[in-house]
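Protein chains in written order, with our numbering: chain A, 1243 to 1614; chain B, 1243 to 1614. All C-beta atoms, glycine included, are put in the ideal place defined by N, C-alpha and C.
2 protein chains.
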Amino acid sequence: MSDTGLQMSRRIRRTPFTDSVENSGVTGFTVVNHMLLPKSFSYTVEEDYWHLRENVQIWDVSCQRQVEIYGSDAELLVQKMTPRYIGSLEIGQCLYIPIIDENAGMINDPVLLKLNENKYWLSIADSDVLLWAKGLAIGFNLDVKITEPKVYPLAIQGPMSEDLMVEVFGNKIKLIKFFNFEMFEFLGVNQLIARSGYSKQGGFEIYFRGFEHGHKIWDTLWKAGQKYNIRAGCPNLIERVEAGLLSYGNEFTQENNPYECNLDKFCSNESEHEFIGKSALSKIKLEGISKKIRGIIFDGDPCPPCSKPFPVFSKDKVKIGQITSGIYSPRLKRNVGLSMIQRNYWSIGSEILVNTNDNITRKGLITELPIP
Amino acid sequence: MSDTGLQMSRRIRRTPFTDSVENSGVTGFTVVNHMLLPKSFSYTVEEDYWHLRENVQIWDVSCQRQVEIYGSDAELLVQKMTPRYIGSLEIGQCLYIPIIDENAGMINDPVLLKLNENKYWLSIADSDVLLWAKGLAIGFNLDVKITEPKVYPLAIQGPMSEDLMVEVFGNKIKLIKFFNFEMFEFLGVNQLIARSGYSKQGGFEIYFRGFEHGHKIWDTLWKAGQKYNIRAGCPNLIERVEAGLLSYGNEFTQENNPYECNLDKFCSNESEHEFIGKSALSKIKLEGISKKIRGIIFDGDPCPPCSKPFPVFSKDKVKIGQITSGIYSPRLKRNVGLSMIQRNYWSIGSEILVNTNDNITRKGLITELPIP
């Protein structure tokens, strides 16, 4: 079913780069935050995987919408939304933060950007954090203004990304540290550029402003990228699974707490600061969790697309979890997956069975993340 | 671009009926509330339009997710969320309500169902109302529990829908008045059935509980529906546009207020009850609005798919708005559209020009809604 058509309409918002993406031969989209995200081009996922590891790609990730929180209570509100302590974040830094509800259920896992003392952006995964933040702000009567600014992230990913970015934006690009950002001018508009991105191959995200000029920055990068063998791409499923990069809605939902998602180190719930879900989170920590996200390596021919989760069983056929993202790794020459696995079976190295929804049962092993 | 593939994953949730929909030959999906909504089957939109007006169809509209608000402050919270007065709603009734933010911007336009004095469902369009409601409840410290219950609406639409429903659920179906609901048993589970639906051809919505038994109710209705020439279908764009049924995200967004959406009669902001956005809404009413949703009939061959809005111009080439949903009506033998049009040009009968993104400019007329 992976090629069943997506019907387009205004509700599924186009981006400043959708025309360019179409001109680059996009063959499939998905929808994130009511916006198009390209999912495939004319090459196979394997071809794009190897290309990403060796060259540079340009990705339209505009669907990483920003939630801007501005005002004298901005820090207070952001801190209410996350168990991670944000008080030591400096202007110009990014921070990955779990957002949880009153039951410690995951609502999103955005990257937080501190623009100034009173202004933050949350660069979000697929849920309407804007409504969550606005609801809280109104209820708590906070002095903040919450909006979705006209900002459209464009990612440059891969080992040649720094060389390409230097050509377009100058040597100052090299000074940006990982998970930091700086401002750069393009066509007279200040553009925020961070060293970040949804791959482990290195790269940058341009938080692009100027919808109508989307094709200009795309074309500029495309032209400069020719000598680096640039390709239009998108988050690569093989690379993402190997790297253990989680996807909200796939690996975890509002039914899951941060500990189940291996986000322990982002939960400072023994510190002084208050946040929504603090008591629920402390209770979960005390009682322990019953399942956790793990990697899985499994045998056999390349598995079919994981459009429905693959059930996972113990050696004695007890259902112990499911693979939520799975694909064949041409580098490891094995199938790899991200899975939620029950406590008694989550030990690294445990032997398991995977049913790949094609009536084939495959042998596998529980692994750490990233998958070694 | 309308047939560009949709990549499937767990994040784009399947429904209890997705297997049945696939077995019925679905050829395209869209995504609403992080869930699959079928958009086309093996027949053309025109064929399905005529079929819907004369027979009966079964639609998987599970994506109309329910937001359940339960507790002693449930009515208080629901009333805070809408300018429509809900105090006279009785148990067993449905009510269409605009939901607005503090600026009177539209957040959603769900159908509200009153299950009992302390329990409401909001059957929502495409935005995470759950997060909005939960944020407000936490901020205002209200005594409510807010969840997404495991309820999956299945619509039976078309002139033969009552006959079919009577065969499956008995004569009591006939007693359900429009926008009311009753409980019916199916396989030992109480099922809520309302006389409602996203067409003007009459019909019912079964708020189905029992995910794993989805195929059983589908098959039961399918079998009983054979003598009524039942088809698997979905909201029909021609019928929807002619009927003036608006779609959140298409015809209006959070940038629009209820008056711009012709929802004046659902705004009782001169009454006593308090709601979020009341002062903003009163100010807008006082100052008047600058644009409004209208129908448009326009000439020429069948227009291309309206995957991007069609710009609308006055006779003297001034841009005055855009068509957000447009299609050829085989009944009217003209193209029809839903549009947001500026004040000085919105008079019924005004002559306008439509650019259908195919380099063709077509003559048209502003109409009322529904399109006469």
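Asked	Found
Nearest candidate by alpha-carbon position, reference Ala-1379(A), set Val-1287(A), Gly-1400(A), Glu-1317(A)	Glu-1317(A)
Residue-chain proximity (Asn-1492(A), chain B), Cβ-Cβ < 8 Å	yes
Cα-Cα separation between Ser-1304(B) and Leu-1364(B), rounded to whole angstroms	13 Å
Sequence ranges, beta strand (DSSP E) only - wholly within the region 1578-1609 of chain B, length at least 3	1593-1597, 1603-1609
The region 1394-1406 of chain B contacting the region 1432-1447 of chain B, beta-carbon criterion three pairs below 8 Å	yes
Euclidean distance between Cα positions of Ser-1532(A) and Asp-1351(A)	21 Å
Chain A contact for Ser-1244(B) (CB, 8 Å cutoff)	With a pLDDT of only 36 at Ser-1244(B), under 50, the local geometry of the prediction cannot be trusted, and no value is derived from it.
Three-state secondary structure assigned by DSSP to Asp-1385(B)	coil
Alpha-carbon to alpha-carbon, Asn-1358(A) and Gly-1412(A)	24 Å
Separation of Arg-1437(A) from Gly-1267(A), as counted between CA atoms	27 Å
Beta carbon of Asn-1577(B) nearer than 8 Å to that of Gly-1563(B)	no
DSSP-derived helix/strand/coil call for Asp-1245(B)	With a pLDDT of only 44 at Asp-1245(B), under 50, the local geometry of the prediction cannot be trusted, and the value read off the model is given with reservation. In this structure, Asp-1245(B) counts as coil in the three-state DSSP scheme.
Ile-1526(B) beta carbon less than 8 Å from that of Met-1323(B)	no
Straight-line Cα distance separating Ser-1330(A) from Cys-1336(A)	11 Å
Beta strand (DSSP E) segments (min. 3 residues) lying fully within the region 1427-1459 of chain A	1431-1436, 1445-1451
Contacts that Asp-1368(B) makes with chain A (C-beta to C-beta distance below 8 Å)	Arg-1253, His-1276
Three-pair Cβ contact test at 8 Å for the region 1282-1294 of chain A versus the region 1460-1480 of chain A	yes
Top-ranked residue by Cα proximity to Arg-1604(B), from Ser-1314(B), Asp-1541(B), Tyr-1312(B)	Asp-1541(B)
Buried or exposed (CB count within 10 angstroms, at least 16 for buried), Phe-1420(B)	exposed
4 or more residues per run - each alpha helix (DSSP H) lying fully within the region 1311-1356 of chain B	1316-1323
Complete runs of the alpha helix (DSSP H) confined to the region 1376-1424 of chain A [at least 4 residues]	1403-1411
Short CB-CB distance (under 8 Å) between Glu-1310(A) and chain B	no
Nearest residue (CA-CA) to Arg-1295(B), options Thr-1598(B), Ile-1472(B), Ser-1556(B), Ile-1590(B)	Ile-1472(B)
Which of helix, strand or coil DSSP assigns to Asp-1368(A)	coil
Sequence-distant residues of its chain with Cβ nearer than 7 Å to Val-1320(B) (five each side left out)	Ile-1311, Ile-1328, Leu-1354, Tyr-1362
Backbone CA spacing between Glu-1390(A) and Trp-1460(B) [nearest angstrom]	40 Å
Through-space distance from Ser-1369(A) to Glu-1516(A), alpha-carbon basis	23 Å
Cα-Cα separation between Ser-1581(B) and Phe-1283(B), rounded to whole angstroms	27 Å
Under 8 Å between C-beta atoms of Asn-1498(B) and Met-1348(B)	yes
Minimum Cβ-Cβ distance from Gln-1481(B) to chain A less than 8 Å	At residue 1481(B) the sequence reads Glu, which differs from the Gln that was named. So, not an interface residue.
Pairwise C-alpha distance: Ile-1565(B) and Pro-1551(B)	5 Å
C-beta atoms of Leu-1528(B) and Leu-1373(A) nearer than 8 Å	no
Trp-1374(A): contacting residues in chain B (beta-carbon distance under 8 Å)	Asp-1370, Leu-1373, Trp-1374, Lys-1376, Gly-1377
Inter-residue spacing [alpha-carbon to alpha-carbon] between Lys-1561(B) and Thr-1609(B)	18 Å
CB of Thr-1272(B) within 8 Å of CB of Leu-1279(A), strictly	no
Any C-beta of chain A under 8 Å from that of Gly-1467(B)	no
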